[in-house]
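Below is one structure, written out as structure tokens; comments come after it.
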Amino acid sequence: MKSYVLVLLTAFCLLLASCEKPDFRDSNGRGHSYDDLAGQWVLVNYWATWCGPCRHEIPEFNQLAADYSDTIKVFGVNFEPVDSETMQEHVKEMGIRFPVYLDNDPYLHFGYERPLVLPTTIVISPAGEVHQVLVGPQNRESLLAATDLNFAEQGQ
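For what it's worth, our numbering labels the leading residue of the sequence shown as 7, then goes sequentially.
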């Protein structure tokens, strides 16, 4: 009996050890790993509820995230840190349909300075490097141009 319990305990410990802690959580509590983003374009959009241009560009990011889900990952960062419940209210109020960072602002991971102007979008290349910093409101065309994907679309 003791050996059976020991085997189960060992198996449980190994299972726990193999579970990776996510690098960050979104406003829905879902965990994400930076390793899962490798090989894709990543757009990190900094916004605030009081920022008119931020509100204006959200539908563009929603559509891009839906249309290019295989090649572009869109994440939002609320400029003002808030708790989970308030974040969910803001996301709903603004109609955001892409993941929004709840913790661990990505500027430290990707090595850029946290923006001081809104809206700002950081474009991360598939190699995981900062490709461009876009200041001001964006639209589909400017975002595709920043990811170099508009050239592929024009060739179709």
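By construction, the Cβ of each residue, glycine as well, lies at the ideal position given by its N, Cα and C atoms.
As the structure is a prediction and not an experimental result, all values here were calculated from the model.
*asked:* Between the alpha carbons of R36 and D29, how many angstroms are there, rounded?
replied: 11 angstroms
_Taking only three categories from DSSP, how would you classify R61?_
helix
*Closer than 8 angstroms, CB to CB, is I78 near chain C or not?*
The structure shown contains no chain C; it holds only a single protein chain.
*Reference P125, options E119, G142 and A151, closest by Cα*: G142
*From L155 to D42, what distance separates their C-alpha atoms?*
20 angstroms
*With distances taken from CA atoms, which of V136, P132 and R146 is nearest T77?*
Here the closest residue by C-alpha is P132.
*Round the Cβ separation of V129 and L70 to the nearest angstrom and send it over; I've been treating them as touching at under 8 angstroms.*
At roughly 12 angstroms, the Cβ-Cβ gap does not stay under 8 angstroms, so V129 and L70 are not in contact.
*Given that a residue counts as buried once 16 or more other Cβ atoms are within 10 Å of its Cβ, and exposed if not, what is P105?*
buried
*Tell me where the beta strand (DSSP E) around V136 begins and ends.*
V136 to V141
*What are the boundary residues of the alpha helix (DSSP H) that includes L149?*
In the DSSP annotation of this structure, the continuous segment of the alpha helix (DSSP H) that includes L149 starts and ends at R146 to A152.
*Can you tell which of Q46, N110 and L149 has the C-alpha that lies nearest to the C-alpha of S75?*
Of the listed residues, the one whose Cα sits closest to S75 is Q46.
*Pull up the distance between the alpha-carbon of F81 and that of V136, whole angstroms please.*
15 angstroms
*Note the first and the last residue of the continuous alpha helix (DSSP H) segment covering V97.*
For V97, the uninterrupted alpha helix (DSSP H) segment begins and ends at S90 to M100.
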